[in-house]
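Note sheet for the following structure.
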Amino acid sequence: MSVSYMTHPLIKHKITLLRKQSTGTNEFRKLIEEIAMLMGYEALADLPTADIEVTTPIEKTIQPVINGKKLAVVPILRAGLGMVNGILALVPSAKIGHIGLYRDPETHLPHEYYCKLPESIEDRQIVIVDPMLATGGSAVAAVDFIKARGGKRIKFMSVIAAPEGVSTLMKAHPDIQLYVGSLDRCLNENAYICPGLGDAGDRIFGTM
Ligand code: PRP
Ligand code: URA
1304 MSVSYMTHPL IKHKITLLRK QSTGTNEFRK LIEEIAMLMG YEALADLPTA DIEVTTPIEK
1364 TIQPVINGKK LAVVPILRAG LGMVNGILAL VPSAKIGHIG LYRDPETHLP HEYYCKLPES
1424 IEDRQIVIVD PMLATGGSAV AAVDFIKARG GKRIKFMSVI AAPEGVSTLM KAHPDIQLYV
1484 GSLDRCLNEN AYICPGLGDA GDRIFGTM
């Protein structure tokens, strides 16, 4: 598996603002979306293109366009939903799947409650989005579900990751490409990322 750590100053700046306890729900949502778009720009650098004919005011020419119909964005519910519009700003024709997982507060193990993927998933470039990669349990389960339904070409985007999560995901799924906005220090006793940003789902949806 390849892991790409984001180095762009705009991504770093926006992740710093996201971390602040004083950042409210409205700003948090906006930042997550902007970060997803900037990370998506990096993660989709190898998207396949197809040549089409266009007529300029001067002449006819053959030029490349993105083959966007083959992209599937799959947020892990809930928090991954906050990243979807950032990717759609880049590839509006992408199809959207959903995987519902929540971490048991005691065991920290993921539980599935929903999975719906676009048709022909086996032919698509799949981009799973979830702001937090903590123990890696949810990420591994999400990739397991997608592979069990035929998905093959998988990228995973997380805004903040713990070293434990990166290593667990790498071991379980060495064939996927992982994109990380910031690699943080460690997990605490409740399996929250330190310094992290707290509970991403609660901060996006204003729950607690
Ligand atoms: C968060 C986060 C990830 C998961 C990461 O979701 O959005 O899906 O935890 O933790 P892990 O790497 O230890 O599995 P959560 O389970 O809190 O659900 P929510 O998005 O519905 O709040
Ligand atoms: N899920 C979150 O939302 N935050 C963490 O720090 C870990 C898991």
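Read in order, the letters of the sequence shown are residues 1304 to 1511 in my numbering. We put the CB at the ideal spot given by N, CA and C, even for glycine. Keep in mind it's a predicted model, so treat the numbers as computed, not measured.
> Should the stretch 1445-1460 be regarded as contacting the stretch 1488-1495, the criterion being three or more beta carbon pairs within less than 8 Å?
Replying inline: no
> How close, in whole Å, do the beta carbons of I1402 and C1418 come, if the pair is a contact with beta carbons under 8 Å?
Replying inline: 5 Å
>> So, for A1397: in the same chain, excluding its five sequence neighbours on each side, which residues have a beta-carbon less than 7 Å away from its beta-carbon?
In response: G1371, L1374, A1375, V1376, I1390, L1391
> Taking the alpha-carbon positions, what's the K1317 to I1361 distance?
Replying inline: 42 Å
> Does the pairing of the stretch 1491-1510 with the stretch 1429-1436 give three or more beta-carbon distances under 8 Å?
Replying inline: yes
> Within this structure, are the beta carbons of E1345 and Y1495 separated by less than 8 Å?
Replying inline: no
> Is DSSP giving R1381 helix, strand or coil here?
Replying inline: coil
>> Using C-beta distances below 7 Å, list every residue in its chain close to M1511, excluding the 5 sequence neighbours before and after it, in chain order.
In response: D1505
> Between I1507 and I1335, which are expected to be in contact by the criterion C-beta below 8 Å, what is the C-beta distance as a whole number of angstroms?
Replying inline: 6 Å
> By the 10 Å Cβ neighbour count, where 16 or more other Cβ atoms means buried, how is S1485 classified, buried or exposed?
Replying inline: buried
> With burial defined as no fewer than 16 other Cβ atoms inside 10 Å of the residue's Cβ, what is the status of Q1394: buried or exposed?
Replying inline: Per the sequence shown, the amino acid found at residue 1394 is Val instead of Gln. V1394 should be labelled buried.
>> If I follow the unbroken alpha helix (DSSP H) through V1394, where does it start and stop?
In response: Note, V1394: premise wrong, no alpha helix (DSSP H); not H, not E.
> Does at least one heavy atom of ligand 2 sit under 7 Å from the Cβ of D1407?
Replying inline: no
> With DSSP run on the structure shown, which of helix, strand or coil describes H1316?
Replying inline: helix
>> Just to confirm my understanding: we take M1342, look at its own chain, exclude 5 residues before and 5 after, and list those with CB closer than 7 Å. What are they?
In response: M1309, I1314, M1460, Y1482, G1484
> Which term fits R1427, buried or exposed, when burial requires 16 or more other beta carbons within 10 angstroms of its beta carbon?
Replying inline: That one is buried.
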